[in-house]
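One structure is given below, encoded as C-alpha cells.
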Amino acid sequence: MSEENVATIRRATDAFNRGGAEAALEFFDPEIEWTTTGIFLEPGTYRGHEGVRRYMGALATELEDLHSEPEEFIDAGEQVVVPFRLSARGKQSGAPVDFSGALVYSLRGGKIFRIRNYTEKAEALEVAGLSE
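Rendered as C-alpha cells:
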C-alpha cells in the first residue's frame, strides 16, 4: 500500500501544480484535516474540502503563480513525507517568494485525510516515526 500512497501524493502534487487546490481535491478525503504550523500563514487547522479552499484562498490573497517542487517522496507506510520548495510571486509587490518545508501526508483508502506542514524536514521525519 505504501507505494500506492507515494503515487497518490505524486498525482496530487501534479494536479495542484497544474490547476491549484481545486484540481487536487479529488485526492483528498472529504473529512481532510490540514494543520499548518505557520510556514505560510498563521498556524491553524482547516477541515474538509471547504477548509482546504479557505487555506489556499488565504494564500492566494497574498501570492500568485504558486508552484510546489517536491525534493523527494519518503515512504513512511501510511504516511508520506515530502520535503519541498514552494515558489510564488507576491501579489502586491511582484517580488519572488521562496519557501521550503516539509509536509506529512496521512492516507487511508487511497485518499489523503491529514496533512501537517513543518518548517524542517527533520521534524517531519520524526513525526512520521523516521529519523535522518
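According to the working numbering, the sequence shown is numbered sequentially starting from 2. Glycine included, C-beta positions come from ideal geometry on N, C-alpha and C. Quick caveat, the model's predicted, so the values are computed rather than measured.
request  = Give the DSSP bridge partners of lysine 112, in chain order.
outcome  = For lysine 112, which the question treats as bridged, DSSP gives the partners Arg109.
request  = Look at the alpha carbon of alanine 8 and the alpha carbon of alanine 77, and state the distance between them as a whole number of angstroms.
outcome  = Straight-line Cα distance between these residues: approximately 13 Å.
inquiry  = Just to confirm my understanding: we take leucine 67, look at its own chain, exclude 5 residues before and 5 after, and list those with CB closer than 6 Å. What are they?
reply    = Ala89
key: Bounding residues of the alpha helix (DSSP H) (the contiguous stretch that carries leucine 126)   = 122 to 128
ask   = Should glycine 102 go down as buried or exposed, given a rule of 16 or more other Cβ atoms within 10 Å for buried?
value = buried
request  = Look at the alpha carbon of glutamate 124 and the alpha carbon of serine 69, and state the distance between them as a whole number of angstroms.
outcome  = 19 Å
query = Would glutamine 93 be called buried (16 or more neighbouring beta carbons within 10 Å of its own) or exposed?
reply = exposed
Reduced DSSP secondary structure (H/G/I, E/B, other) of alanine 61 = DSSP places alanine 61 in helix when its eight states are reduced to three.
query = Between which two residues does the alpha helix (DSSP H) containing phenylalanine 17 stretch?
reply = 3 to 25
task = Ignore the nearest five residues each way along the sequence and tell me which others in proline 44's own chain have a CB closer than 7 Å to its CB.
result = Thr37 and Thr38
message = Let me confirm a value: threonine 14 is counted as buried when at least 16 other C-beta atoms fall within 10 Å, else exposed. Which label applies?
response = buried
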